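Basically our numbering = 1-based index in the sequence shown + 43.
Data block below; observations after.
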Amino acid sequence: MVLARWESATPPLRADDASTPGIKLESCVGRGTGLDDKGLSHKFKVLQEASEIHSGARGTIEVIAAFGGFEIAMMCGAMIASSRMGRILLIDGFIASTALLLAREMDPKVMDHAVFTHVSGEQGHRPLLEHLQVKPLLDLSLRLGEGTGAALAYPLLVSAVAFLNEMASFESAGVSDRSDA
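Printed below as a string of structure tokens:
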């Protein structure tokens with residue numbers, strides 16, 4: 044399952060949210076796919092006002108309702124349902140990483156199925172991945188959207204599985220671990 048969000052948005056992270064200690068709103072608000080300075084300033088002001096209006100939101104469901112939007116809620120549900128079916132989740136980008144953060148609050152086992160495909164060029168993505176204590180497969184400063192990080196990481200995962208399943212061990216290949224030199 045590939046989860047990506049391609050529109051310019053800022054995920055539902057709040058400075059007072061216990062699930063994201065130390066990640067401030069300023070570090071989460073980025074240019075997305077190309078906001079100019081005026082657009083970035085407006086985006087920050089709107090999110091700051093929304094954060095003040097909804098400062099009483101507690102619990103994951105309330106945070107999603109106040110800040111996340113329908114697509115974030117759907118991503119959380121899809122992540123939880125897919126992980127419960129034993130599926131691997133290819134987490135692609137900042138928005139999908141945020142959805143996983145929220146899904147983790149509802150079902151911590153979702154992390155067992157998550158593969159973070161890349162760290163994006165969005166300024167808040169790296170601190171979020173550090174908070175989640177995960178390392179993405181790729182660091183290419185992508186901000187293209189549409190699942191491009193997952194599309195690039197998928198062949199790497201297929202190759203890794205092939206190596207694990209098909210590569211000969213030293214023993215089966217008759218390679219000695221001692222040196223005759």
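Ideal Cβ positions, reconstructed from N, Cα and C, are used throughout, including at glycine.
Remember, it's a predicted structure, so these values are computed and weren't measured experimentally.
Just how far apart, CA to CA, sit residue i and residue j?
| i | j | result |
| --- | --- | --- |
| residue 113 | residue 107 | 8 Å |
| residue 159 | residue 91 | 28 Å |
| residue 121 | residue 216 | 43 Å |
| residue 213 | residue 98 | 59 Å |
| residue 141 | residue 218 | 46 Å |
| residue 81 | residue 205 | 49 Å |
| residue 87 | residue 102 | 23 Å |
| residue 201 | residue 115 | 28 Å |
| residue 74 | residue 89 | 14 Å |
Look up residue i in the DSSP assignment and say whether it is helix, strand or coil.
| i | result |
| --- | --- |
| residue 204 | helix |
| residue 98 | coil |
| residue 163 | strand |
| residue 216 | coil |
| residue 45 | With a pLDDT of only 40 at residue 45, under 50, the local geometry of the prediction cannot be trusted, and the value read off the model is given with reservation. Correct three-state label for residue 45: strand. |
| residue 59 | Any reading at residue 59 needs caution, since the residue's pLDDT is 42, under 50, leaving its predicted position unreliable; the model's value is listed next. Three-state result, residue 59: coil. |
| residue 211 | coil |
| residue 117 | helix |
With distance defined between alpha-carbon atoms, name the residue in the options nearest to residue i.
| i | options | result |
| --- | --- | --- |
| residue 147 | 165, 118, 170 | 118 |
| residue 190 | 212, 202, 162 | 162 |
| residue 67 | 170, 89, 145 | 170 |
| residue 174 | 143, 127, 77, 199 | 143 |
| residue 157 | 178, 145, 134 | 134 |
| residue 95 | 129, 192, 110, 83 | 110 |
Since I believe residue j is in contact with residue i (beta carbons under 8 Å), could you give me their beta-carbon distance rounded to a whole number of angstroms?
| i | j | result |
| --- | --- | --- |
| residue 196 | residue 181 | 6 Å |
| residue 137 | residue 105 | Their Cβ separation, rounded to whole angstroms, is 22 Å, which puts residue 137 and residue 105 out of contact at 8 Å. |
| residue 71 | residue 188 | The pair is not a contact, with the Cβ atoms about 17 Å apart (cut-off 8 Å). |
| residue 123 | residue 155 | About 12 Å; that fails the 8 Å criterion. |
| residue 179 | residue 172 | 6 Å |
| residue 125 | residue 152 | That pair is no contact at about 12 Å. |
Return the bridge partner residues of residue i from the DSSP annotation.
| i | result |
| --- | --- |
| residue 183 | Residue 183 pairs with nothing; no bridge assigned. |
| residue 158 | 133 |
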